Every structure is written in C-alpha cells, then in structure tokens.
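From first to last, the protein sequence lines are chains A and B.
If you read the first sequence in the working numbering, its first letter stands for residue 1, the second for the next number, and so on.
If you read the second sequence in the working numbering, its first letter stands for residue 613, the second for the next number, and so on.
Using N, Cα and C, we set each Cβ at its ideal position, and we do this for glycine too.
Bear in mind that the values here come from a model prediction, so they are computed numbers and not experimental data.
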Amino acid sequence: MPIRAVNDFVIRFANVNGSGSASANLLFARAIMRMGVPIAPRNIFPSNIQGLPTWYEVRVSEAGWLGARGGADFLVAMNPQTFVQDIGAIEPGGYLFYDSTRPVPASLLRDDIVVLGMPLTEICNAEYSDPRQRQLYRNIVYVGALAALLDIDVKVIDQLIHERFKGKERLIEANKRALRLGFDEAKARFDCPIDLRVRWSDAVGDRILVEGNFAAALGALYGGATVCAWYPITPSTSLAEAFERNCARYRIDPATGKKNYAIVQAEDEIAAIGMAVGAGWNGSRAFTATSGPGISLMQEFFGLAYFAEVPVVVFDVQRGGPSTGMPTRTQQSDLLICAVASHGDTKHVLLIPEGPGEAFEFAAKAFDLAERLQTPVFVMLDLDIGMNARLSAPFTWDDSRLYDRGKVLSHDDLERADRSFGRYNDVDGDGIPYRTLPGAHPTRGAYFTRGTSRDRFARYTEEGLPYIDNMERLQHKFETARGMLPRPILKKAANPTRIGVLYYGSTAAPMDEAQRMLADEGLHIDLMRIRAFPLAREVADFIQSHDRIFVAEQNRDGQMRSLISIDLGVAPDRLTPILHFNGMPTSVRFIYRELSARLPKRGVSQPLEAVK
Amino acid sequence: MSYLAKPKFHHPAIEVNALGFTHRDYEGSMSTLCAGCGHDSISAAIVHACFELALPPHRIAKLSGIGCSSKTPTYMLGQSHGFNSVHGRMPSVLTGANLANRHLIYLGISGDGDTASIGLGQFAHLMRRGVNVVYVVENNGVYGLTKGQFSATADRGSKSKKGADAADEPIDLVALAIQLGASFVARSFSGDKAQLVPLVKAAFEHKGAAFIDVISPCVTFNNHAGSTKSFDYVREHNIAVNSLDFITGRDPIEVDYAEGERQVVSLHDGSIIKLHKLDAGHDVTDRAAAFATLERHRAAGEIATGLIHLNEDAKDLHDTLGTTTRALNELGAEGLCPGSKALKSINASLR
Numbered sequence: 001m002p003i004r005a006v007n008d009f010v011i012r013f014a015n016v017n018g019s020g021s022a023s024a025n026l027l028f029a030r031a032i033m034r035m036g037v038p039i040a041p042r043n044i045f046p047s048n049i050q051g052l053p054t055w056y057e058v059r060v061s062e063a064g065w066l067g068a069r070g071g072a073d074f075l076v077a078m079n080p081q082t083f084v085q086d087i088g089a090i091e092p093g094g095y096l097f098y099d100s101t102r103p104v105p106a107s108l109l110r111d112d113i114v115v116l117g118m119p120l121t122e123i124c125n126a127e128y129s130d131p132r133q134r135q136l137y138r139n140i141v142y143v144g145a146l147a148a149l150l151d152i153d154v155k156v157i158d159q160l161i162h163e164r165f166k167g168k169e170r171l172i173e174a175n176k177r178a179l180r181l182g183f184d185e186a187k188a189r190f191d192c193p194i195d196l197r198v199r200w201s202d203a204v205g206d207r208i209l210v211e212g213n214f215a216a217a218l219g220a221l222y223g224g225a226t227v228c229a230w231y232p233i234t235p236s237t238s239l240a241e242a243f244e245r246n247c248a249r250y251r252i253d254p255a256t257g258k259k260n261y262a263i264v265q266a267e268d269e270i271a272a273i274g275m276a277v278g279a280g281w282n283g284s285r286a287f288t289a290t291s292g293p294g295i296s297l298m299q300e301f302f303g304l305a306y307f308a309e310v311p312v313v314v315f316d317v318q319r320g321g322p323s324t325g326m327p328t329r330t331q332q333s334d335l336l337i338c339a340v341a342s343h344g345d346t347k348h349v350l351l352i353p354e355g356p357g358e359a360f361e362f363a364a365k366a367f368d369l370a371e372r373l374q375t376p377v378f379v380m381l382d383l384d385i386g387m388n389a390r391l392s393a394p395f396t397w398d399d400s401r402l403y404d405r406g407k408v409l410s411h412d413d414l415e416r417a418d419r420s421f422g423r424y425n426d427v428d429g430d431g432i433p434y435r436t437l438p439g440a441h442p443t444r445g446a447y448f449t450r451g452t453s454r455d456r457f458a459r460y461t462e463e464g465l466p467y468i469d470n471m472e473r474l475q476h477k478f479e480t481a482r483g484m485l486p487r488p489i490l491k492k493a494a495n496p497t498r499i500g501v502l503y504y505g506s507t508a509a510p511m512d513e514a515q516r517m518l519a520d521e522g523l524h525i526d527l528m529r530i531r532a533f534p535l536a537r538e539v540a541d542f543i544q545s546h547d548r549i550f551v552a553e554q555n556r557d558g559q560m561r562s563l564i565s566i567d568l569g570v571a572p573d574r575l576t577p578i579l580h581f582n583g584m585p586t587s588v589r590f591i592y593r594e595l596s597a598r599l600p601k602r603g604v605s606q607p608l609e610a611v612k
Numbered sequence: 613m614s615y616l617a618k619p620k621f622h623h624p625a626i627e628v629n630a631l632g633f634t635h636r637d638y639e640g641s642m643s644t645l646c647a648g649c650g651h652d653s654i655s656a657a658i659v660h661a662c663f664e665l666a667l668p669p670h671r672i673a674k675l676s677g678i679g680c681s682s683k684t685p686t687y688m689l690g691q692s693h694g695f696n697s698v699h700g701r702m703p704s705v706l707t708g709a710n711l712a713n714r715h716l717i718y719l720g721i722s723g724d725g726d727t728a729s730i731g732l733g734q735f736a737h738l739m740r741r742g743v744n745v746v747y748v749v750e751n752n753g754v755y756g757l758t759k760g761q762f763s764a765t766a767d768r769g770s771k772s773k774k775g776a777d778a779a780d781e782p783i784d785l786v787a788l789a790i791q792l793g794a795s796f797v798a799r800s801f802s803g804d805k806a807q808l809v810p811l812v813k814a815a816f817e818h819k820g821a822a823f824i825d826v827i828s829p830c831v832t833f834n835n836h837a838g839s840t841k842s843f844d845y846v847r848e849h850n851i852a853v854n855s856l857d858f859i860t861g862r863d864p865i866e867v868d869y870a871e872g873e874r875q876v877v878s879l880h881d882g883s884i885i886k887l888h889k890l891d892a893g894h895d896v897t898d899r900a901a902a903f904a905t906l907e908r909h910r911a912a913g914e915i916a917t918g919l920i921h922l923n924e925d926a927k928d929l930h931d932t933l934g935t936t937t938r939a940l941n942e943l944g945a946e947g948l949c950p951g952s953k954a955l956k957s958i959n960a961s962l963r
C-alpha cells in the first residue's frame with residue numbers, strides 16, 4: 001500500500017554536486033514552511049566542488065519534530081551514480097520520482113514502491129538551448145512537478161521566486177515558467193496529488209529558518225566582537241563569512257564609512273588564533289571560527305591563553321574526525337580536545353548550543369564570559385547545526401543589555417589604586433585577577449604577559465610555590481566559571497522513572513520525539529540536556545537520582561561520558577554510552593532503537609530495581 | 613636576574629627628554645643574558661632611540677616570541693606592556709593587538725630561530741599585510757637556549773662551536789622582507805650603535821611594516837673562528853651602504869660617518885631621513901636596486917648594512933582594511949550592537 005500522509009513525511013533529493021540543485025531544493029522546503037508546516041531540511045554534501053553525489057532531505061512534520069527521522073518516504077532521484085543505493089532507502093510503500101529520459105531497467109526498480117518517471121532532461125532540452133540553463137531549470141521543473149504531486153501551493157512558490165530574484169524580472173519570469181512547465185507536465189502524467197500531501201497549517205508560527213553558523217555569526221555581531229581572524233575550513237567557513245556580511249551591513253560608521261570591525265583571513269589556523277589572542281590581550285572582543293583540524297593546530301595558543309589569562313572566543317564547528325576525517329559530515333568528536341586543549345594541566349569552558357537559537361545566544365554570551373573569566377571560551381557547534389537551516393524561535397535582544405567587559409582597570413582605577421597592581425592577584429577571592437590594557441596609564445599597571453610561570457605580580461619565576469599558587473588559583477577560577485554557565489535543561493518523563501538520558505548539542509534534535517515514542521509504549525525516560533562544561537551541579541544530581549543513566553552523543557569514544565567522569569568523579573560504569581558516529585545526524589529511529597533495546601520490554605511490569 | 617629590580621637612584625643632573633623622562637625610565641629589568649651578548653646592545657639601542665624620540669613608554673607595546681632575543685623585551689621599557697608569546701608566532705599576536713588598537717606603537721622583537729625557522733610563515737604574512745610595527749630580529753645564527761644548534765640564517769659553510777658545518781642555504785630576511793612588501797627594511801650590527809640607533813628611530817617614525825635585521829653575535833655559542841656571525845667576522849665584513857641622520861621636528865641627530873653623497877627622504881609624519889650614501893649605486897627607494905645591492909655584497913662575501921629599502925607610499929593594514937580611526941577596543945555597544953530593531957528585520961528576512 002502506498003504511504004498516505006498529510007504534513008508528515010520525509011522527502012529526499014539525490015543530486016549531483018554543483019548542478020544548482022541546492023537553491024531549488026531550498027525553494028521547495030521554504031514553500032512548505034510558508035504554508036505553515038514545520039520543516040527540517042538537511043544537506044548531505046561531499047567534499048567536492050562539482051560531480052560527487054549530494055543529498056538534501058526535508059522532514060515535513062506538522063507536529064514539529066525537527067530531528068532526522070531516518071528513511072525516506074519520497075525520493076527525487078536525480079543522480080544516476082547513486083540510483084540503486086537511493087532506491088534501497090525508500091520506505092516500503094514510498095514513492096520514487098526520477099528522470100525517465102533514459103529508460104531504467106525494471107530490475108533496478110522495486111515493486112513495493114510507487115514509481116513516477118518524468119523525462120525531465122527531454123523536457124528541458126526541448127525548452128532550453130543553453131546547456132547550463134537546461135541543467136539549472138531542470139531543478140525548477142522538478143520543483144514544479146513536486147508541487148503538483150504533493151499539493152504544494154504554486155502561488156507560494158511564485159512568491160518566493162519573486163522575493164529571491166527581486167528586481168531581476170527576466171529571471172523571475174524564467175523561473176516561474178520552468179516551475180509551471182513541471183507542474184503542468186506532472187498534472188498531465190500523474191494522478192495528482194498523490195497520497196503524500198502538504199496542507200495549509202499554522203504550526204510554524206513566527207519561527208525563522210536559519211543556519212547555526214549564521215546565528216553564531218549574528219551572536220558575535222551582537223556580542224560586540226570587533227576582531228575576527230580565521231582560516232577557511234569546512235564546516236566553519238560560512239560562520240566567518242556570515243560575520244563579514246553582517247558587519248558590512250551593520251557595522252559601518254555612518255559618519256565616516258569606516259569599519260567598526262576588522263576581519264583578517266589568516267595564513268593558517270595558528271595565525272588565526274594568534275591574532276585573536278593578540279586582540280583579546282589588547283582589549284578587543286575577538287574570535288576565530290574553525291573545525292577539528294584547526295583546533296589541533298591551535299593547541300599551543302589555547303594553552304597560552306589559558307595560562308596567561310587572555311580572553312578569546314573560539315567557534316568549533318565540529319566535523320567527522322580524526323585527521324581530515326569526514327570533512328563534510330557531522331560529529332561531536334572535538335569535545336575532549338577542546339575541554340583540555342594544550343599541553344600541561346589545562347581546562348576550558350565549553351558552551352554547547354543545540355541549534356541556531358542557542359548558537360546566537362551562546363555566541364553573544366561567550367564574549368561576556370571570556371572577558372569576565374579571562375580565558376578561552378569554546379562554542380561547540382557541529383556541521384548539522386552549523387550548515388543546516390533549522391526552524392527556530394526568532395532571535396531576540398534586550399537593548400538594555402550591557403556588555404560585561406570583566407575586570408579591567410581603567411586609567412582612573414589605576415590612578416585611585418592604593419596598592420600596587422598585581423596582575424595575577426586574586427583580590428576578590430573568585431580566582432579571577434584584574435587586568436590592564438596596554439596604554440592605559442603612563443606609570444601604573446604595565447605588566448609582562450607570558451606563557452612561562454610567574455608570581456602574582458607577573459614576574460618570571462621558576463619557584464615551585466608561586467607556580468602552585470597560580471595553578472590552584474586557575475583551578476579556583478574554573479570553579480567560579482562553573483556557576484556562570486548556562487544550566488542544563490531537564491525534561492521529565494510523564495511518569496516517575498529511574499532512567500535518565502544525558503545528551504547535548506545536535507543530539508537534542510531527535511531526543512524529545514524519542515522520549516515521546518518510548519512513552520507511548522510505556523517506557524519512561526527523564527532527559528537532561530547539558531549545555532556547558534564545566535558541568536553544573538544539576539548533572540551530578542541527575543545522575544545521583546537515577547538508577548540507569550545513558551549518555552547519548554555523536555562520537556566513537558563517549559567523550560562526554562569521559563568528561564562527566566573526570567569532572568564529576570562519576571564511575572564510568574554508571575554511564576551507558578549511546579553512540580552514533582557515522583557522520584550523519586543522529587536520527588530518531590536510532591535513539592529509539594538503541595534505548596528500547598536496553599530497556600525492559602514493554603508490557604512487562606518490573607520493579608524499578610530491575611531496570612539496572 | 614630579571615626578578616631583581618634595578619636600583620632606581622640616578623644622578624640628579626641626568627638628562628631628561630621632552631616628556632620629562634630620563635633614560636632610566638625607558639629601561640627594564642636586569643638582563644639575564646650572557647655577559648657581552650649582542651642582544652643587550654640592541655636593547656640599549658632601542659632604549660636610547662625611544663628616549664631620544666621621547667616616545668611615551670606606556671604607548672609602546674612590546675611583543676616577542678620565544679628564545680634569547682624574545683626574552684629581551686623584559687630588559688627594556690619597563691613602563692610598557694609586554695607579551696612574550698609563543699615560539700615563532702609573535703607576528704600573529706602583534707597583528708591582532710594592532711587590530712585592536714591602532715594607536716599604540718608596536719615593537720616586535722624576535723630572533724633568527726623564532727623568525728626565520730619556526731616563524732617564517734608568520735613573518736612573511738605580517739610583512740605582506742603591512743602591519744604598522746618596528747620588527748627587530750636579533751640575528752645570531754644559532755639557538756642559544758638549547759645550546760648552539762644552527763638556525764636558518766646560518767651561512768652555508770659556517771662552523772658551529774662543536775665543529776659542524778652549516779649545510780643549507782641561509783635565509784636572508786632582509787631580501788625576503790623587501791620581496792614581501794615591507795616598507796622600511798634595514799640591516800645593522802649590534803656592535804654599531806652609531807648606525808643602529810638612528811635606524812631604530814627612523815623605523816619608529818615610519819608608518820607600515822619596518823624591519824631591522826640586526827646581526828647580534830652570540831658570545832657563548834657563535835663567536836668562534838669559522839663562524840660568520842662572530843664579532844670579529846661581522847666587524848671585518850660589514851659594509852654600510854649608507855649612514856643616516858634622522859631628523860624629527862625636534863633635535864636633529866647627526867651620526868659620525870664620513871660625508872658622501874646625500875639622499876633625503878621625507879617620512880609622512882614630517883620627519884626627514886638624510887642618507888649619506890656610502891655605496892653610490894644604492895637608491896633606497898628602488899626595490900630592484902636594493903636586491904642588487906644585497907646580492908653584490910653577498911657575492912663579495914660582505915654583509916650590506918644600513919637602510920636598504922624605504923617605501924613611504926605603502927599602505928598599512930588598517931588602510932587596507934578600512935577600519936575606523938578609533939581604536940576598536942574603545943568602541944562600546946552603541947557602535948557595535950545593531951539592537952533589537954535591526955534584529956526584527958533580520959528575523960523577517962528568514963521566514
């Protein structure tokens with residue numbers, strides 16, 4: 001039986017990289033969103049400019065589930081290279097839409113799916129003479145056909161085309177014509193609409209569709225970052241580029257036309273972090289954006305910034321490691337290397353957003369924290385969050401909010417000071433010393449910043465006692481940080497339960513849905529989403545108050561599980577890992593399957609102790 | 613030792629500069645380098661130049677990498693903020709600091725290992741970006757703190773203290789800096805204060821990337837027969853292509869070189885450099901001539917010193933970037949945060 005569903009299905013596009021499919025696919029997704037139906041698009045792309053396979057998946061969910069579901073109900077097969085593999089991933093009863101210009105042997109098709117062939121290339125060849133146009137408009141033609149098949153309102157797509165090509169009438173007309181061509185052709189060939197349908201709804205509300213990298217860049221803009229030094233690397237490049245675009249729009253001094261920011265594309269990641277550290281030392285809010293290989297290169301500077309106490313913000317948009325790994329796939333596998341980056345005893349503050357909303361919020365907050373704590377602050381995104389558009393509550397900003405510039409002594413502070421300035425003196429008992437900026441005062445406050453050991457007055461020393469004094473103060477400062485970070489978020493099950501799941505970042509996307517699916521079967525789990533490192537006390541309490549704890553994350557080695565053990569002293573055997581690390585986002589089905597396999601079988605009533 | 617403060621008392625009639633500071637106000641902690649180290653003479657020359665230019669010490673930021681040379685910022689300019697960063701990475705830290713506040717005076721101190729070996733890449737990129745800096749390499753051809761290994765500036769065939777030959781082609785940082793677009797490029801000798809002080813002063817007044825390669829013999833590991841960076845060798849083979857008088861609006865400073873043909877170059881801040889051309893063929897504003905001069909002397913087994921190249925029309929990094937004339941680190945939320953109204957329109961564009 002063909003799948004029947006309204007506003008609840010997964011459609012996957014299989015394309016060839018560089019064929020112009022990305023903008024057509026986005027057009028398709030946004031049309032559904034404009035019809036008030038929540039969507040979760042995901043781009044699965046190769047490390048390549050042209051020619052390799054790429055996929056685009058749109059989850060359509062009136063209920064608002066934004067995690068990857070797993071499987072596809074409808075496949076748009078535009079890539080002969082992956083045709084067989086793609087067909088295999090269609091759910092039984094699903095639909096295949098393909099370019100039938102060249103006949104496909106029946107043996108390649110399945111008899112448990114609905115096959116919809118349309119000679120897209122032939123149609124475009126008849127319509128267009130320019131080869132590039134044939135290729136580009138073929139994508140719009142299939143969007144038109146999908147509109148007919150899935151009952152998407154063509155007026156909405158027309159409107160999006162108008163907005164997209166505003167002021168370019170020729171392009172608007174050409175795109176609308178291609179759209180109509182596909183729509184009419186599908187109407188003529190198939191019984192439209194099919195049983196998978198989109199229906200007008202109001203489930204989107206005022207939400208926006210935005211990529212995490214854009215959101216983080218916007219957070220840096222609003223958070224007052226003035227210096228950005230970076231080196232291109234997937235998947236973080238679009239963060240620095242979005243920062244540049246937004247600065248060009250919002251940070252030009254109206255009187256002079258000059259820039260209230262400086263962005264340098266450095267020669268490598270080492271120089272990028274070096275510049276950010278230099279700017280942070282000199283009182284600018286500075287950041288770099290990178291991914292795993294860049295984090296590896298930057299290690300020495302992280303140690304310097306930790307030890308010399310220089311504020312700096314690092315956006316790590318994680319991808320599949322180790323080494324070059326899977327450069328265009330997602331993972332949460334830089335957690336450990338960031339948490340203890342560099343040689344010697346080091347510990348760093350990590351902020352872990354779950355999506356664009358928090359990427360914006362945490363990015364802005366990271367600059368306050370870095371300056372308050374005088375230390376590197378890592379914002380841990382990943383490719384799934386960074387490069388995929390996600391439906392998100394609109395960004396908000398409180399105009400009365402002030403930047404927390406931390407403990408910086410001004411000229412007047414130094415003038416009034418009744419004792420000599422000690423850069424590494426713990427005056428307030430919170431482990432955070434006061435700093436001065438170069439040029440502040442003619443005769444007071446100058447000190448020497450160094451990565452070597454020193455006493456409280458920043459004087460070089462190799463004595464053991466001042467060294468220990470300093471290292472223990474840094475430890476104390478780390479404890480101060482613990483209380484300043486975003487608290488974890490608890491989502492209790494409907495019924496009391498002794499089973500808890502810890503997770504973080506993009507693993508959040510499928511978690512609520514998995515909780516609901518399990519609850520429907522009488523399996524109740526409490527959820528706690530970790531949002532920062534060092535870990536909040538609530539995490540320890542959560543572990544304490546549950547008999548069985550799972551830690552779900554996207555890496556092979558259970559990196560958060562290790563951090564929990566290190567940071568909270570929890571015995572590792574208390575924490576059962578749920579690990580997903582094939583480079584694709586964790587899916588709802590995966591989480592559900594892994595948890596339900598480890599939980600008591602449904603319908604069997606067991607005393608709580610037996611859950612262990 | 614560096615943690616011992618130098619005695620503060622001084623002669624009551626000690627000379628003061630336009631800011632009312634004495635020479636002593638530009639000094640730093642006691643040096644921990646070997647007695648007789650060339651680097652200490654360079655520190656003294658920098659102190660001297662800053663005193664004579666009456667630079668406000670707190671407006672100078674001194675940055676360095678790692679190594680003997682990179683320790684020297686501690687031994688000068690005690691009223692200035694200093695940053696002893698990471699091996700070979702001073703250029704990036706300095707670039708970032710300069711981006712944050714364009715109004716300070718940036719002094720980068722490095723060595724031949726720090727700049728020509730591990731830090732060659734960052735050196736190159738700082739020069740090509742035209743960061744406004746006085747970048748001094750204290751060049752002794754060896755690693756001192758690790759006891760005498762060759763660096764990348766050691767001349768081929770030159771002998772280490774243990775008798776090994778330097779096998780590879782040396783890197784000429786002066787030629788490299790010119791090629792990379794540095795707009796003030798000089799070479800000097802730590803033993804020649806008369807040449808070095810005016811060069812340092814002129815470099816401070818120059819806007820853009822100013823580079824001075826100072827041959828600075830290592831008395832402990834590279835001052836023996838067979839070394840081409842020993843005091844004796846450099847004294848014998850040092851050929852000054854020019855000597856210069858550096859003239860600010862204040863006191864003209866004359867140097868005691870023999871009179872020759874003069875070349876006068878005006879700096880953008882109104883200062884004037886009068887060059888006594890000891891090498892008649894050398895025109896400092898001509899890049900091609902600079903390369904030719906370097907190559908001619910190198911082929912003759914000589915070390916060309918003096919102001920090798922000057923380009924007063926170069927743009928600095930802030931010019932290229934178009935940054936505001938205010939220091940970025942002084943901007944507050946009003947100049948940085950677009951506010952909730954702009955955010956509303958950003959939200960609207962994402963629906």
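Cut-off 7 Å between Cβ atoms - residues of its own chain near residue i, not counting five sequence neighbours on either side
{"i": "Cys338 of chain A", "result": "Ile295, Asp316, His348, Leu350, Phe378 and Met380"}
{"i": "Gly769 of chain B", "result": "Asp777 and Ala778"}
{"i": "Pro577 of chain A", "result": "Val551, Gly558 and Arg561"}
{"i": "His660 of chain B", "result": "Val809"}
{"i": "Asp404 of chain A", "result": "Asp368, Glu371 and Arg372"}
{"i": "Ser392 of chain A", "result": "Arg207, Ile208, Val210, Gly355, Pro356 and Gly357"}
Proximity below 8 Å, CB of residue i to CB of residue j
{"i": "Val786 of chain B", "j": "Ser802 of chain B", "result": "no"}
{"i": "Arg473 of chain A", "j": "Asp426 of chain A", "result": "yes"}
{"i": "Arg319 of chain A", "j": "Gln331 of chain A", "result": "yes"}
{"i": "Asn260 of chain A", "j": "Leu218 of chain A", "result": "no"}
{"i": "Val277 of chain A", "j": "Ala305 of chain A", "result": "yes"}
{"i": "Ala540 of chain A", "j": "Leu485 of chain A", "result": "no"}
{"i": "Arg450 of chain A", "j": "Asn696 of chain B", "result": "yes"}
Beta-carbon contacts of residue i that lie in its chain and below 6 Å, excluding the five residues immediately before and after
{"i": "Glu513 of chain A", "result": "Trp65, Gly67 and Val588"}
{"i": "Met1 of chain A", "result": "Gly93"}
Same chain, Cβ closer than 8 Å to residue i, neighbours up to 5 away in sequence not counted
{"i": "His441 of chain A", "result": "His411, Leu414 and Glu415"}
Listed by chain order, chain B residues near residue i by CB distance under 7 Å
{"i": "Arg450 of chain A", "result": "Asn696"}
Under 7 Å from the C-beta of residue i: neighbouring residues of chain A
{"i": "Leu962 of chain B", "result": "Ile208, Leu209 and Val210"}
{"i": "Arg671 of chain B", "result": "Gly439"}
Residue-level contact to chain E via CB, residue i, 8 Å cutoff
{"i": "Leu706 of chain B", "result": "Among the chains of the structure shown, chain E does not appear; the protein chains present are A and B."}
beta-carbon residue i near the ligand SAH non-hydrogen atom, thresh 7 Å
{"i": "Ser802 of chain B", "result": "Among the components modelled here there is no ligand, and therefore nothing to report on the ligand SAH."}
Chain-ordered neighbours of residue i on chain B, where CB pairs are closer than 8 Å
{"i": "Leu414 of chain A", "result": "Residues of chain B passing the Cβ test: none, with the nearest at roughly 10 Å."}
{"i": "Leu402 of chain A", "result": "Ala945"}
Partner residues on chain A for residue i, Cβ-Cβ distance less than 8 Å
{"i": "Pro668 of chain B", "result": "Pro442"}
Inset, instruction - Tell me, please, whether the segment 263-274 of chain A touches the segment 226-243 of chain A by the rule of three or more beta-carbon pairs shorter than 8 Å. - result: yes
Inset, instruction - Return the residues of the segment 32-51 of chain A that lie within a Cβ-Cβ distance of less than 9 Å from chain B, sorted by chain order. - result: Met33 and Arg34
Inset, instruction - Flag this pair as touching only if the segment 101-108 of chain A and the segment 134-148 of chain A have three or more C-beta atom pairs under 8 Å; answer yes or no. - result: no
Inset, instruction - Would you be able to state if there are at least three C-beta pairs under 8 Å between the segment 830-839 of chain B and the segment 645-656 of chain B? - result: The segment 645-656 of chain B, when compared against the segment 830-839 of chain B, does touch it at the 8 Å Cβ threshold.
Inset, instruction - With 7 Å as the C-beta to C-beta threshold (strictly closer), list the residues of the segment 699-726 of chain B near chain A in chain order. - result: Arg701, Ser704, Val705, Leu706, Thr707, Gly708, Ala709, Leu711, Ala712, Asn713 and Leu716
Inset, instruction - Indicate whether the contact test is met: 3 or more Cβ pairs, each with one atom in the segment 755-775 of chain B and one in the segment 811-822 of chain B, closer than 8 Å. - result: no
Inset, instruction - Check whether the segment 203-218 of chain A touches the segment 34-49 of chain A, counting contact only when three or more Cβ pairs, one atom from each stretch, lie closer than 8 Å. - result: Yes, since at least three Cβ pairs between the segment 203-218 of chain A and the segment 34-49 of chain A fall closer than 8 Å, the two stretches touch.
Inset, instruction - Indicate whether the contact test is met: 3 or more Cβ pairs, each with one atom in the segment 878-893 of chain B and one in the segment 748-759 of chain B, closer than 8 Å. - result: no
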